[in-house]
Amino acid sequence: MNDREVFFIADDFGIHQEANRAIVHAHTNGVLHAASLMMGQPGTEDAVRMARDNPGLQMGWHLHLDSSQPVTRSSWPWGNSYRRAGWAIGLSRDARQLMRDEVKAQWEMFGATGLSCAHPFVYEVFLDVLPRPFNGWLRLG
45 MNDREVFFIA DDFGIHQEAN RAIVHAHTNG VLHAASLMMG QPGTEDAVRM ARDNPGLQMG
105 WHLHLDSSQP VTRSSWPWGN SYRRAGWAIG LSRDARQLMR DEVKAQWEMF GATGLSCAHP
165 FVYEVFLDVL PRPFNGWLRL G
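If you want our numbering, it's the position in the sequence shown, counting the first as 1, plus 44.
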């Protein structure tokens with residue numbers, strides 16, 4: 045007999061207050077174990093407060109690079125298209141610098157919340173798994 049456990053993680057914690065309420069509701073009713081926190085979004089402050097009020101809800105960092113509000117500028121130069129973002133990042137030195145700045149800023153903002161990251165290794169793993177040449181230009185260390 046195999047003992048198996050299912051671990052449910054909600055995406056987009058912080059995107060807006062309605063999503064935050066749904067995530068906390070699912071957690072308090074025993075369905076949800078963790079959530080990924082988006083920085084710099086309309087509901088981020090609300091999500092951080094809710095995370096502090098619900099310490100059993102594990103937190104992870106949600107890197108976002110399209111279809112969201114960047115933290116380093118007013119909007120993404122590629123709009124909300126992940127395809128255009130991929131092309132821009134692959135072809136434009138300016139877009140690669142924006143990515144480096146954005147990843148660093150989002151990670152530092154997560155750290156500034158004081159919340160414990162359930163998977164703190166994800167940042168370095170993210171940098172290590174990017175295919176060349178991407179892993180070199182994104183390294184912040």
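Don't be surprised by glycine CBs; every beta carbon is placed ideally from N, CA and C.
Check: Outcome for glutamine 150 when other beta-carbon atoms lying within 10 angstroms are tallied against a minimum of 16; Outcome: buried
Check: Secondary structure of methionine 153, DSSP reduced to three states; Outcome: helix
Check: Leucine 23 to glycine 100 span [Cα, whole Å]; Outcome: Coverage of the chain is limited to positions 45 through 185, which leaves residue 23 absent and any answer about it impossible.
Check: Glutamine 61 - DSSP class collapsed to helix/strand/coil; Outcome: helix
Check: Complete beta strand (DSSP E) runs within the segment 48 to 101 (minimum length 3 residues, chain order); Outcome: 53 to 57 and 78 to 81
Check: Glycine 87 versus alanine 66: straight-line alpha-carbon distance, rounded; Outcome: 12 Å
Check: Euclidean distance between Cα positions of tyrosine 126 and arginine 137; Outcome: 17 Å
Check: Segment contact, 8 Å Cβ cut-off, at least three pairs: the segment 72 to 81 with the segment 49 to 60; Outcome: yes
Check: Contact set for asparagine 98: own chain, Cβ-Cβ below 8 Å, skip 5 residues either direction; Outcome: Val68, His71 and Thr72
Check: Residue closest to glutamine 61, alpha-carbon to alpha-carbon, out of Arg48, Ser118 and Ala95; Outcome: Ala95
Check: Rounded C-alpha distance that separates tryptophan 105 from serine 160; Outcome: 10 Å
Check: Three-state secondary structure (DSSP) of tryptophan 131; Outcome: helix
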